[in-house]
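**Q** Numbering (my numbering), first residue to last: 6 to 452. Just so it is clear, CB atoms sit at the ideal spot from N, CA and C, and this is done for glycine as well.
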Amino acid sequence: MGPRVAHGPRPRFRVLYAWILEGRLPVRVTTAFNRLLRLEGVNVCSVVFGINVITVTVVLRRRRLVCPHCSFSTGARYDTRPRPSVWRHLDLGVWRVQIEATLRRLRCPTHGVVVEAVPFARPGVHLTRDLDDLLAWLATRMDKTSIARLCRVSWRTVGRACERVVGTELDPGRLDGLFRIGVDEISWRKHHKYLTLVVDHDCGCVVWGARGRDAKTLDAFFDELGPQRCAAIEAVSLDLGPAYLKSVQAEGHAPQAIVCADIFHVVKLVGDALDEVRRDLWQQLRRLPDDRWARDFKGSRWALLKNPEDLNDRQADQLARIRRTRGGIWRAYEMKEQFRAIFAGDLTRDQAAVLLDRWCARAQRSRLAPFVKCARTMRHRRDLILNAVEHGISNGRVEGMNTKVRLIIRRAYGFHSADAALALVMLGAGPIDLKLPHERTPAQAAA
Ligand SMILES: [Zn+2]
């Protein structure tokens, strides 16, 4: 003992000694993986490097067994699973990481004999919670091919991760305090597959959704809301179809609410009428022996449909040429612009009423069949349209929401189910504040 104190550490321990003094302790591989993986409630007991994959075996730190479906816990085990369970975790560099643990079973008084819960993964799932959350976060921002390639999972796995994250993270209080809501339908797949979405106008997010787009679909929303919360609803914005209106006005739903037409849909209806006139004219021009007119008119769609302030030079030229013709197509264009002006946001209800009636009269005299039909719809829903002008709830915010939801759906086209599509809408546009693994408080980081 004397000589060591006298001479300090022996030469081969000098490097180690220097590290200890600097706080740079060499760590064991299991300790290193405990820190790297940050898995909640477990200790790493072995690490094996295979081909492209690192297999990390862990043991649960807690002795008691917990039911995955409720809070029941017990010290008594029913049996031990013969094989270890396996989870996929976040990759480490180019390595896939696979977690293995031998689990026990317990007898829950409510759920029977079940495999115990693990703190780092959702029940019955073979991805860790960190990976689940990462996939769900990516799905709202990236196309499916990129995610599948980046994370080396199938698109179906991403869809399921979205459903799980929404299932556990959706705020149950999101239906409280709804005063002004908007109802909208969105197609999530070709061949007429639709979702009905309910938007909270005050927070600007989607709070409810279900498959289908008829009165029954929306009935389910009011049922979930219950009589007290239904009675608190002051205003509802809708498209011009009869289904949602019927459901809103039904007894016990929200007959007291002011119903407004969704301006986004109303303006779109007139845009569609203009496009129909344009297509008719295009068909006529194409049949002419001289193709000069058809060539001139070609590609005029955006010149006509875009707002005049957004046109580029070529489109502005084209619009000027259409104006010189003074034909039906120009009248249709003028009517679209007049209609848009009614909703510019600076008119009172009475002023808007005068303009709307004048517009309907002009459209009905226009001898353009799509506009005659359009005017009929507007007359029929006149009150709803004027309500929207007066209460101003179908404003840019909801239009922005509409665009956002459509973008999410389009980027991820080809869901395997309506539930997966709905989950993605909720994640991207709903009241969920999704955290990435590194943004969460590192509860077990120092373990
Ligand atoms: Zn249970």
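Once you ignore the five residues that flank Leu143 on each side, which residues in its own chain have a CB closer than 6 Å to its CB?
**A** Excluding residues within five positions, the ones whose Cβ falls inside 6 Å are Ile152.
**Q** Does the beta carbon of Cys265 fall short of 6 Å from some heavy atom of ligand 1?
**A** Cys265: no, Cβ never under 6 Å from ligand 1.
**Q** By how many angstroms is the C-alpha of Glu342 removed from the C-alpha of Asp322?
**A** Cα to Cα, the separation comes out at about 17 Å.
**Q** Which whole-angstrom value describes the C-beta separation of Arg283 and Ile334, a residue pair presumed to lie in contact below a C-beta threshold of 8 Å?
**A** About 6 Å separates the two Cβ atoms, so the contact holds.
**Q** Just to confirm, does Thr85 get its C-beta within under 6 Å of one of the non-hydrogen atoms of ligand 1?
**A** Checking the Cβ of Thr85 against ligand 1 gives no.
**Q** Could you please give me the residues that DSSP links to Lys198 through a beta bridge?
**A** Its beta-bridge partners are Arg194.
**Q** Looking only at its chain, what residues have a beta carbon closer than 7 Å to the beta carbon of Trp160, apart from the 5 residues adjacent to it on each side?
**A** For Trp160, where only same-chain residues beyond five positions count, the Cβ hits under 7 Å are Lys149 and Ala153.
**Q** Can you list, in chain order, the residues of its chain whose CB lies under 6 Å from that of Ile398, leaving out five sequence neighbours each side?
**A** Excluding sequence neighbours, Ile398 sits near Arg185, His206, Ala240, Ser242 and Cys265.
**Q** For ligand 1, is there a heavy atom less than 6 Å away from the beta-carbon of Thr115?
**A** Correct: Thr115 has its Cβ closer than 6 Å to ligand 1.
**Q** Leaving out five residues before and five after Val52 in sequence, what residues of the same chain have Cβ atoms less than 7 Å from its Cβ?
**A** Here the set comprises Val34, Thr35, Phe38, Ile59 and Val61.
**Q** From Ala366 to Leu324, what distance separates their C-alpha atoms?
**A** Taking the straight line joining both Cα atoms gives about 25 Å.
**Q** Need the endpoints of the alpha helix (DSSP H) that Glu339 sits in, please.
**A** Note, Glu339: alpha helix (DSSP H), Gly333 to Ile347.
**Q** If you follow the beta strand (DSSP E) that Ile152 is in, where does it begin and where does it stop?
**A** Segment Lys149 to Cys156 is the alpha helix (DSSP H) holding Ile152; no beta strand (DSSP E) there.
**Q** Decide yes or no for the touch test of the region 336-355 against the region 373-393: beta carbon pairs closer than 8 Å, at least 3 of them.
**A** Cβ pair count under 8 Å is three or more, so yes.
**Q** Using the DSSP secondary-structure output, state which residues sit across from Glu444 in a beta bridge.
**A** None, per the DSSP bridge assignment.
**Q** What are the residues that DSSP puts in a beta bridge with Gly117?
**A** Answer by DSSP bridge pairing, in chain order: Cys113.
**Q** Could you tell me whether any non-hydrogen atom of ligand 1 is closer than 6 Å to the CB of His74?
**A** Flag set: Cβ of His74 near ligand 1.
**Q** Under a CB-based cut-off of 7 Å, is Gly350 close to chain C?
**A** In the structure shown, chain C cannot be found, because there is only a single protein chain.
**Q** Whose C-beta lies closer than 8 Å to the C-beta of Arg445 among residues of the same chain, with five residues either side of it excluded?
**A** Around Arg445: no qualifying Cβ.
**Q** Examine ligand 1 and report whether any of its heavy atoms sits within less than 6 Å of the Cβ of Phe531.
**A** Since the displayed the chain opens at 6 and closes at 452, residue 531 lies outside it and no answer follows.
**Q** Taking Ser242 as part of the beta strand (DSSP E), name the residues at either end of that continuous run.
**A** Segment Ala240 to Leu243, the beta strand (DSSP E) holding Ser242.
**Q** Restricting to runs no shorter than 3 residues, where is the beta strand (DSSP E) found entirely within the region 241-281?
**A** Qualifying beta strand (DSSP E) stretches, in chain order: 263-266.
**Q** Would you kindly report the start and end of the unbroken beta strand (DSSP E) that includes His94?
**A** It spans Ser90 to Leu97 - the beta strand (DSSP E) in which His94 sits, taken as one unbroken run.
**Q** Could you give the residue range of the alpha helix (DSSP H) that holds Cys365?
**A** Segment Arg354 to Arg370, the alpha helix (DSSP H) holding Cys365.
**Q** Could you check where the alpha helix (DSSP H) with Glu168 kicks off and where it finishes?
**A** Its alpha helix (DSSP H) spans residues Trp160 to Glu174.
**Q** On a CA-only basis, which of Arg297, Thr408 and Leu309 is nearest His270? Give me that one, please.
**A** Ranking Arg297, Thr408 and Leu309 by Cα distance to His270 puts Thr408 first.
**Q** Between the C-alpha atoms of Arg381 and Ile263, what's the straight-line distance to the nearest angstrom?
**A** Each residue's alpha carbon lies about 22 Å from the other.
**Q** Can you list, in chain order, the residues of its chain with a C-beta nearer than 8 Å to that of Leu175? Leave out the 5 residues immediately preceding and following it.
**A** For Leu175, where only same-chain residues beyond five positions count, the Cβ hits under 8 Å are Met431, Gly435, Pro436 and Ile437.
**Q** With DSSP run on the structure shown, which of helix, strand or coil describes Asn312?
**A** Asn312: coil per DSSP, three-state reduction.
**Q** Report the rounded CA-to-CA distance for Asp219 versus Ala248, giving the unit in angstroms.
**A** The straight-line gap from Cα to Cα measures roughly 5 Å.
**Q** With distances taken Cα to Cα, identify the nearest neighbour of Glu256 among Asp224, Asp280 and Glu229.
**A** The residue with the shortest Cα to Cα distance from Glu256 is Asp224.
**Q** In whole angstroms, what is the alpha-carbon distance linking Asp189 and Cys235?
**A** Roughly 18 Å between the two C-alpha positions.
**Q** Taking Arg329 as the reference, give the member of Trp213, Asp301, Asp295 and Leu65 with the closest Cα.
**A** Answer by Cα proximity: Asp301.
**Q** Distance, Cα to Cα, Thr201 vs Asp228?
**A** Approximately 15 Å between the Cα atoms of the pair.
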